[in-house]
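Heads up, the sequence shown stops at 426 in the numbering used here, and the numbers go up one at a time, no gaps.
Cβ atoms here follow ideal geometry from the backbone N, Cα and C, with glycine treated the same way.
To start, the structure under review is shown below, and the notes come after it.
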Amino acid sequence: MLAIILFASWRPDHGATEMVAAPASVTVSDKRIAFSFDDAPRGKGAFLEPDERPRLLIEALKTAGIEQAVFFINPGRITSTDTDAADIAAYTKAGHLVANHTAHHLKLSAVSAEKFLSDIDAAEAWLKDKPHYRPWFRFPFLDEGQKDRVKRDAVRAGLKQRGLMNAYATVDASDWYMEDQAIAAAESSKVMDWNALRDLYVESYVQSANFSDDLARRTLGRAPVQMILLHETDLAAMFVDDLAAALKADGWTIVTADEAYRDPIANMEPDVDFADGTRTQMLAAERHIGNRWYRRNDQKVAKKLFAERVLRD
């Protein structure tokens, strides 16, 4: 059985052409961030049933004051024997957006441009008539072709032909890997400290947001609206309201996905040797700015932190 240390009250009270310049001074209005969730519908996690997760996540987003997040959908995972289509409809009914993440979560560097674009088309056919649809596309794994410039450019051209915007992310802390660690611990009947798991999740994303904010200032000389990359996980359903509260306490203002993608960096296409990662990282690489990678995205670091802080003997 799953073993988790629960505490009586585990939740806290929520009370491609800009010039490089020195970082600007930080003000509250500078620090704006929007929320996105990849891989919906996602499989079973460590704690919740798949059909329970959307309801709790919608409630948590409402509690957090996140009026409009965007969910990047893999329609190829939806079948006639599950509630996934209804769950996605519930997200849009709650005011959130849906957009394209390929039908089957393909990795661009592992398939041809033709196969990749065909999978985008399959997802688009399912999505385009849905309420709160946006013509945005998020690359699975943030893999935009890696070292293959020909493939990268073919897909970029294909997106433009289809009227789809590259829906980049700027803030990442590999919550999917944290979720994998929790699933492995649950399957091995290891004891997890729920409070510690929450704190690690929240702390990692607040750190990553500030890391990306600093990187953007060093790269662009200004503070673009940040887009946080989360996944439709149990951890998100349990902790996203805590994360939002922590971001607000740190001076961040939560904005809509629509506002985030009106930022000028939405129109930039970094020309880099390795097309992979967040938009901020690739813009920094294009300009030869150092210290571009948030440390906790290293799986060795993340695994060690999870073991030390979450697992209990």
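Original post:
Among I341, S149 and V211, which has the Cα closest to the Cα of Y318?
Top reply: I341
Subject >> Three-state secondary structure assigned by DSSP to F387 >> reply: coil
Original post:
Helix or strand or just coil, what does DSSP make of Y246?
Top reply: strand
Subject >> Distance between V338 and H218 (C-alpha atoms, nearest Å) >> reply: 26 Å
Original post:
The alpha helix (DSSP H) with M395 in it runs from where to where?
Top reply: R392 to E399
Subject >> First and last residue of the uninterrupted alpha helix (DSSP H) at E421 >> reply: Q412 to R422
Subject >> Euclidean distance between Cα positions of A135 and A182 >> reply: With a pLDDT of 34 at A135, under the threshold of 50, the modelled position of this residue cannot be trusted; read the value that follows with caution. So the alpha carbons of these two residues sit roughly 31 Å apart.
**OP:** Consult DSSP for M381 and reduce its assignment to one of helix, strand or coil.
**Re:** coil
Original post:
Could you check where the alpha helix (DSSP H) with A147 kicks off and where it finishes?
Top reply: Counting along the chain, A147 falls outside any alpha helix (DSSP H), though it belongs to the beta strand (DSSP E) covering R145 to A153.
Original post:
Can you pull the DSSP bridge partners for T366?
Top reply: R145
Original post:
Where do the N-terminal and C-terminal ends of the alpha helix (DSSP H) with G327 fall, by residue?
Top reply: Residue identity differs from the one stated: residue 327 is Asp in this sequence, not Gly. W307 to L333 is the extent of the alpha helix (DSSP H) around D327.
Original post:
When the Cβ atoms of the region 383-395 are set against those of the region 189-197, are three or more pairs found closer than 8 Å?
Top reply: no
Subject >> Cα-Cα separation, T176 to D354 >> reply: 6 Å
Subject >> Simplified DSSP state of E227, which is helix, strand or coil >> reply: helix
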